[in-house]
Amino acid sequence: MIPIIDLGLVEIPTYFLVISLSISALLIFLSVRVDKFLIDRKLAFNIAIILMVSGFIGGRLLHVFYEEWDYYRNDPRLILFFWNGGFVYFGGLIAGWLAVWAYCIYKKMSFLKWADFFAPILSLSHALGRIGCVLSGCCFGTYCTLPWSIAGRHPTASYLVFGELFIFAIIYQLEKVNLKQEKPARDGTLFFKWVFLSSFLRYCVEFYRDDFRGNFFHIPLLGSLSVSQVICVALMLISLGMFLRDYRNFLKR
């Protein structure tokens, strides 16, 4: 863990540094994809900005008001010190995509088509962002004696990094295969495949997390689940519903 890089006159939080570098890399990746798919550059970057800004706000607010309200209410100014970290992934994901959905309605564009386009970028962004968690030491796991443990704990943030990189490779390959098909998959198919795989990964890793998980809920057949796991189950069910719809439409052809 390297939460702070001390340069003498200034200290740089590694979480903020990783996020900043990741955004730069992802914008370059976005630019390459815009040229490859002949997408409207202005619209693509508008959506990227909406995703980043609304995702940033949603992730920060959920952290403040759900995870650490007792800490922030004593000194509300600390809410603005975002460079020290403190974001909730699902808060950013949900807020970001709700904002994009509203923007697509306003512009009378296909939300699912844009969701497919951004699916590989989202997957890669999640993996890169979790590197910040690895360095800062947040999102730590339960105690274990495994050879790859970090400070005697499951490196759950690392599990998410490598798991999401693997998912990124799958999504990227599926996109390439789909482009070669005579009849490409329906809009939204690639996006919901990413949603399902990413949610399944997070659902599994949650069992090894030992940081603050919020309230737990007892779900029949599934047992005691964290809030994040409940969200993961909901997202997986939504994704499966979309797959079933597409399969039924395929049978009708």
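Each residue of the sequence shown is one higher than the last, beginning at 0 in numbering that gives the first Met the number 0. Note that beta-carbon positions come from the ideal geometry of N, C-alpha and C, so glycine has one too.
Whole-number beta carbon distance between residue j and residue i, since they are thought to touch under 8 Å
i      : j      : result
Ala126 : Phe167 : 6 Å
Ser238 : Phe161 : Not a contact, Cβ separation roughly 22 Å.
Val63  : Ile48  : Not really, about 22 Å apart at Cβ, beyond 8 Å.
One or two residues paired with residue i in a DSSP bridge
i      : result
Asp5   : Glu10
Arg152 : Tyr142 and Ile149
Phe216 : Leu224
Arg208 : Gly140
Beta-carbon gap between residue i and residue j smaller than 8 Å
i      : j      : result
Ala131 : Tyr88  : The sequence as given places Gly at residue 131; Ala does not occur at that position. Taking 8 Å as the Cβ cut-off, Gly131 and Tyr88 do not qualify as a contacting pair.
Ser21  : Gly91  : no
Ala200 : Glu163 : The sequence shown places Leu at residue 200, not Ala. Closer than 8 Å, so yes.
His241 : Ser198 : Inspection of the sequence shows that residue 241 is occupied by Met rather than by His. The answer is no: Cβ separation not under 8 Å.
Ile170 : Ala118 : yes
Ser223 : Phe215 : yes
Ala43  : Leu26  : no
Val33  : Arg40  : yes
Phe86  : Trp100 : no
Leu121 : Trp68  : no
Neighbourhood of residue i by C-beta distance below 7 Å, restricted to the same chain and skipping five residues each side
i      : result
Gly136 : Met0 and Pro2
Asp210 : Cys137, Cys138 and Phe139
Leu60  : Gly90
Trp253 : The structure shown does not extend to residue 253, since the chain is modelled only from 0 through 252, so no value can be given for it.
Lys35  : none
Reference residue i, options the options, closest by Cα
i      : options                           : result
Phe195 : Ile230, Phe216 and Leu61          : Ile230
Leu178 : Asp115, Leu16, Leu60 and Asp74    : Asp115
Tyr256 : Val52, Glu66, Phe55 and Asn45     : Shown here, the chain extends from 0 to 252; a query on residue 256 therefore has no answer.
Tyr207 : Gln180, Phe161, Ala98 and Cys143  : Cys143
Ala24  : Ile237, Ser157, Leu189 and Leu123 : Leu123
Ala156 : Phe110, Leu77, Cys203 and Ala184  : Cys203
Val232 : Arg244, Tyr246, His217 and Asp245 : His217
Ile18  : Phe55, Ile38, Leu8 and Glu10      : Phe55
Ser225 : Glu66, Ser53 and Leu8             : Glu66
Ser53  : Ile4, Asp74, Ala98 and Ile38      : Ala98
Val133 : Ile149, Leu145 and Thr141         : Ile149
Cut-off 6 Å between Cβ atoms - residues of its own chain near residue i, not counting five sequence neighbours on either side
i      : result
Gly84  : Tyr14 and Ser135
Tyr158 : Val204
Gly213 : Val226
Cut-off 8 Å between Cβ atoms - residues of its own chain near residue i, not counting five sequence neighbours on either side
i      : result
Asp245 : Ala184, Arg185 and Thr188
Trp96  : Leu50 and Ala114
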